[in-house]
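Chains as they are written, first to last, in the numbering used here: chain A, 1 to 329; chain B, 1 to 329. The beta carbon of each residue, even a glycine, is placed where N, CA and C say it ideally should be. Report on the following structure.
Protein chains: 2
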Amino acid sequence: MADIARLAGVSVATVSRAMAGSSLVSQENKERVASAVRQTGYVVNQVARGLRLQRSGLVLVMVPSIANPFFAHVLLGIEEALQEAGFGMLVANTGDDHAREDVLARSMLTGGKTEGLILLTGHCPDSLRDEPQAKGRIVAVSEEIAGQGIPSVTIDNAAAMREATAHLIGLGHRRIAHLAGPAGNGLTVQRLAGFHAAMREAGLPVPRGMVGGGAFTIQAGEEGMSRLLARQAPPTAVVCANDEIAIGAIKAARERGIPVPAGMSVVGFDDIDVARAVHPGLTTIRQPRQDLGREAARMLLALLAGEAVVRNLCLPTQMILRASTAPPS
Amino acid sequence: MADIARLAGVSVATVSRAMAGSSLVSQENKERVASAVRQTGYVVNQVARGLRLQRSGLVLVMVPSIANPFFAHVLLGIEEALQEAGFGMLVANTGDDHAREDVLARSMLTGGKTEGLILLTGHCPDSLRDEPQAKGRIVAVSEEIAGQGIPSVTIDNAAAMREATAHLIGLGHRRIAHLAGPAGNGLTVQRLAGFHAAMREAGLPVPRGMVGGGAFTIQAGEEGMSRLLARQAPPTAVVCANDEIAIGAIKAARERGIPVPAGMSVVGFDDIDVARAVHPGLTTIRQPRQDLGREAARMLLALLAGEAVVRNLCLPTQMILRASTAPPS
DNA sequence: GTGAAAGCGCTAACAG
DNA sequence: CTGTTAGCGCTTTCAC
Numbered sequence: 001m002a003d004i005a006r007l008a009g010v011s012v013a014t015v016s017r018a019m020a021g022s023s024l025v026s027q028e029n030k031e032r033v034a035s036a037v038r039q040t041g042y043v044v045n046q047v048a049r050g051l052r053l054q055r056s057g058l059v060l061v062m063v064p065s066i067a068n069p070f071f072a073h074v075l076l077g078i079e080e081a082l083q084e085a086g087f088g089m090l091v092a093n094t095g096d097d098h099a100r101e102d103v104l105a106r107s108m109l110t111g112g113k114t115e116g117l118i119l120l121t122g123h124c125p126d127s128l129r130d131e132p133q134a135k136g137r138i139v140a141v142s143e144e145i146a147g148q149g150i151p152s153v154t155i156d157n158a159a160a161m162r163e164a165t166a167h168l169i170g171l172g173h174r175r176i177a178h179l180a181g182p183a184g185n186g187l188t189v190q191r192l193a194g195f196h197a198a199m200r201e202a203g204l205p206v207p208r209g210m211v212g213g214g215a216f217t218i219q220a221g222e223e224g225m226s227r228l229l230a231r232q233a234p235p236t237a238v239v240c241a242n243d244e245i246a247i248g249a250i251k252a253a254r255e256r257g258i259p260v261p262a263g264m265s266v267v268g269f270d271d272i273d274v275a276r277a278v279h280p281g282l283t284t285i286r287q288p289r290q291d292l293g294r295e296a297a298r299m300l301l302a303l304l305a306g307e308a309v310v311r312n313l314c315l316p317t318q319m320i321l322r323a324s325t326a327p328p329s
Numbered sequence: 001m002a003d004i005a006r007l008a009g010v011s012v013a014t015v016s017r018a019m020a021g022s023s024l025v026s027q028e029n030k031e032r033v034a035s036a037v038r039q040t041g042y043v044v045n046q047v048a049r050g051l052r053l054q055r056s057g058l059v060l061v062m063v064p065s066i067a068n069p070f071f072a073h074v075l076l077g078i079e080e081a082l083q084e085a086g087f088g089m090l091v092a093n094t095g096d097d098h099a100r101e102d103v104l105a106r107s108m109l110t111g112g113k114t115e116g117l118i119l120l121t122g123h124c125p126d127s128l129r130d131e132p133q134a135k136g137r138i139v140a141v142s143e144e145i146a147g148q149g150i151p152s153v154t155i156d157n158a159a160a161m162r163e164a165t166a167h168l169i170g171l172g173h174r175r176i177a178h179l180a181g182p183a184g185n186g187l188t189v190q191r192l193a194g195f196h197a198a199m200r201e202a203g204l205p206v207p208r209g210m211v212g213g214g215a216f217t218i219q220a221g222e223e224g225m226s227r228l229l230a231r232q233a234p235p236t237a238v239v240c241a242n243d244e245i246a247i248g249a250i251k252a253a254r255e256r257g258i259p260v261p262a263g264m265s266v267v268g269f270d271d272i273d274v275a276r277a278v279h280p281g282l283t284t285i286r287q288p289r290q291d292l293g294r295e296a297a298r299m300l301l302a303l304l305a306g307e308a309v310v311r312n313l314c315l316p317t318q319m320i321l322r323a324s325t326a327p328p329s
């Protein structure tokens, strides 16, 4: 910047002002600076700028797995909203490694490298738990964070799963199973609760062993369905905690000669892109994936700007009826 | 840091050294500093550190679409390798918006916010084209960048597609179509070339209209297959430029009463997670997605460390035989 | 309008 | 081993 000042025959202060488009600089000097910048290809150093302004223009996103298509779309929404505001998105794939989350939160948020934090992980790094000044710079998406007063953008998982289960009950199913996600997970718990609520309301029993699963993966779906089909009285329908599980479940059913939906109805959750392209088309709950991300980013930006935000923004879901569900035969 | 120095009764230099674990500081002072840090919960300011050291510990990744499952896995590999080296990953979803790529490259790479750049986009932002000092900090993955001397990590797209096509020819197919990606894309060109090479080697014609497509999406696959099936002499097999296209193509064939593979063989490319779970299981080319990312990140890190790197690292692919291909009926 | 100068918080000579 | 000091490159009072 000193070089530019020399070249333009002005002070560094004037260069700084000119680059910022300040109105406190004469038209003539503006042009001299612009010309010098053009000649040299000068670009302001963002780090120095950040140090002086105490702003990095960066936000950290912690996500259990970028490769999960649901999370990937949430990231898309986050990136879009951040980009609009001139912010950059730092992504950390934490894979549920709490130690790593902790170290990152320290160096990134507390260390000033990022101004805010968006959590898709469902829990807050320990190192931030009692840092009051960090609290105002964190937003949770998809999964709420218990008892930390962290604002969040979510859907009503229990209600959505209740609706999915009720759809099956409405078709006439009575022996309905649930393939859940990983045990510790908040989404697992809520979706499971929604399943149980619907069954209870209909006065239907949920025998031991009719709730399986353990991961949000195709393989978990295959294994879960295999186990259900080995029962003396297998279910006639299965609600799955996400689409991957459902796709795996359908695969396992087909491999055992059970046609879907004729011999078994299957419902998913998320409405990932392939859900409409697999055979049979997957009946599922559509989440506003990208909106979740966008709203979370906007909420964080508002927080950073010192504005008030709603405590928990809950976005609507939509049940998508396709071909994987039918009345029991 | 001044506070810590005061609290520990030492100078800021000693605090800085102690925090860096320098051996030039007495055990006693190390403990005094550690204790003061514990009391205050002090964390070094990474921005100031970055300004002083001229290092941000950040790398920018430009990707056409995070939501694309292939790219998502490449990102996973990149993040893993960067994380190992203590670097952070900034992700920009560019969606082929060259203007945005340009602005970002300027503020991020030239502006010092990031030390390096990884391109999944297949082309170099204009603002970096003749910046010699930026050249040593860029790596391309998945798609090479023409004539810029930028090191890259790729697969041999043409050879892989040749193999996929040859597999179909080996099964006895003679009317083979290709559903390609978007027109301008480098991968599209290379894979198309591989297809043509295999057909030429076998002395098979590629009539006008037997090459379709236009996007790497399920929908493009559906439309492409619909168009092929409307021909007076439809193909008996189709090689697709990626798995999404293949999945869409299978869907369209099924909807028109053509069973896959009995009435139509289909081959994909990438081996995304659902490829093995759809029905029929997709025969495809497996790319080492995560390895591509990991190697690219390592290459960039080596570049930043001033080490010499190979010009173009080419990783092996593997043909995965599943159930979507069979001899023509 | 413009310039001089004081830092933002840190590290690395340099001198003890 | 330890402290003093000079910046890293920028923005912004404060005086003119």
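Practice item. Measure the alpha-carbon distance for Ser127 (chain A) versus Leu60 (chain A) and round it to whole angstroms. Key: Distance between the alpha carbons of Ser127 (chain A) and Leu60 (chain A): 15 Å.
Check your understanding: Is the stretch 240-249 of chain A close to the stretch 206-219 of chain A, with three or more CB pairs under 8 Å?
Key -> Flag = yes, the stretch 240-249 of chain A and the stretch 206-219 of chain A touch.
**Study point:** Backbone CA spacing between Pro235 (chain B) and Met264 (chain B) [nearest angstrom]
**Key:** About 8 Å.
Review point. So, helix, strand or coil for Arg311 (chain B), using DSSP?
Key: Note: Arg311 (chain B) maps to coil in three-state DSSP.
Exercise for review: Run the CB neighbour count on Gln39 (chain B), radius 10 Å, all protein chains shown included, and call it buried at 16 or more, exposed below.
Suggested key: The residue in question, Gln39 (chain B), is exposed, as its Cβ has fewer than 16 Cβ neighbours within 10 Å.
Check your understanding: Using DSSP with H/G/I as helix, E/B as strand and the rest coil, what is Asn93 (chain B)?
Key -> It is a strand residue.
Point to revise | Where the alpha helix (DSSP H) through Ser324 (chain B) begins and ends | key: For Ser324 (chain B), no alpha helix (DSSP H) segment is defined, and its DSSP state is neither H nor E.
Practice item. Tell me whether Ser152 (chain A) sits in a helix, a strand or coil according to DSSP, three-state version. Key: It is a strand residue.
Check your understanding: Going along chain B in order, which residues have a C-beta closer than 7 Å to the C-beta of His73 (chain A)?
Key -> Under the 7 Å cutoff, chain B gives Ala67.
Review point. Closer than 7 Å, Cβ to any Cβ of chain B: which residues of the stretch 235-268 of chain A, in chain order?
Key: For the stretch 235-268 of chain A, the set of positions with a beta-carbon nearer than 7 Å to some beta-carbon of chain B reads Ile247, Gly248, Lys251 and Arg254 in chain order.
Exercise for review: Please state whether DSSP places Asp270 (chain B) in a helix, a strand or coil.
Suggested key: Secondary structure at Asp270 (chain B): strand, using DSSP grouped into helix, strand and coil.
Practice item. With DSSP collapsed to three states, give me the class of Thr284 (chain B). Key: In the three-state reduction of the DSSP assignment, Thr284 (chain B) falls in the strand class.
Review point. Between which two residues does the alpha helix (DSSP H) harbouring Ala220 (chain B) extend?
Key: Note, Ala220 (chain B): alpha helix (DSSP H), Ile218 to Leu229.
**Study point:** Euclidean distance between Cα positions of Thr283 (chain A) and Leu75 (chain B)
**Key:** One C-alpha to the other measures close to 30 Å.
Review point. Quick one: which chain B residues come within Cβ less than 7 Å of Ala297 (chain A)?
Key: Contact note: Ala297 (chain A) does not reach chain B at a C-beta cutoff of 7 Å; the least C-beta distance is about 13 Å.
Point to revise | Where Ala202 (chain B) sits in the DSSP three-state scheme | key: Of the three classes helix, strand and coil, the one that applies to Ala202 (chain B) here is coil, per DSSP.
Practice item. Please compile the residues from chain B whose C-beta is within a distance smaller than 7 Å of the C-beta of Lys113 (chain A). Key: Within chain B, the residues placing a beta-carbon under 7 Å from that of Lys113 (chain A) are Gln46 and Val47, ordered along the chain.
Exercise for review: Could you tell me the boundaries of the alpha helix (DSSP H) in which Met299 (chain B) lies?
Suggested key: Arg289 to Leu304 is the span of the alpha helix (DSSP H), which, as asked, contains Met299 (chain B).
Exercise for review: Please say whether Leu51 (chain A) and Ala48 (chain B) have beta carbons closer to each other than 7 Å?
Suggested key: In contact: Ala48 (chain B) and Leu51 (chain A) (Cβ atoms closer than 7 Å).
Check your understanding: What does a CB cutoff of less than 6 Å around Ile155 (chain B) pick up in its chain, not counting 5 residues either side in sequence?
Key -> Cβ contact annotation for Ile155 (chain B) (same chain, cutoff 6 Å, sequence separation greater than five): Gln287, Leu315 and Thr317, in chain order.
Exercise for review: Quick one: residues in its chain with C-beta nearer than 6 Å to the C-beta of Ala92 (chain B), no 5 flanking neighbours on either side, listed in chain order?
Suggested key: Excluding residues within five positions, the ones whose Cβ falls inside 6 Å are Met62 and Leu104.
Review point. Does DSSP put Gln318 (chain A) in a helix, in a strand, or in coil?
Key: In the three-state scheme derived from DSSP, where H, G and I count as helix and E and B as strand, Gln318 (chain A) is classed as strand.
**Study point:** Interface residues of chain B facing Glu143 (chain A) [CB-CB closer than 7 Å]
**Key:** Neighbours of Glu143 (chain A) on chain B: none; closest Cβ ~19 Å, over 7 Å.
Review point. Leaving out five residues before and five after Leu24 (chain A) in sequence, what residues of the same chain have Cβ atoms less than 7 Å from its Cβ?
Key: Cβ within range, chain order: Arg17.
**Study point:** Contacting positions in the stretch 165-182 of chain A - beta carbon closer than 7 Å to chain B
**Key:** If you check each beta-carbon in the stretch 165-182 of chain A against every beta-carbon of chain B, none falls closer than 7 Å.
**Study point:** Where Val15 (chain B) falls, given that 16 or more other Cβ within 10 Å makes a residue buried
**Key:** By the neighbour-count rule (16 or more Cβ atoms within 10 Å), Val15 (chain B) is buried.
Review point. Name the residues in the stretch 187-218 of chain A whose C-beta lies less than 7 Å from a C-beta of chain B; which are they?
Key: Within the stretch 187-218 of chain A, the qualifying residues are Ile218.
Check your understanding: Is His123 (chain B) helix, strand or coil by DSSP?
Key -> His123 (chain B): coil per DSSP, three-state reduction.
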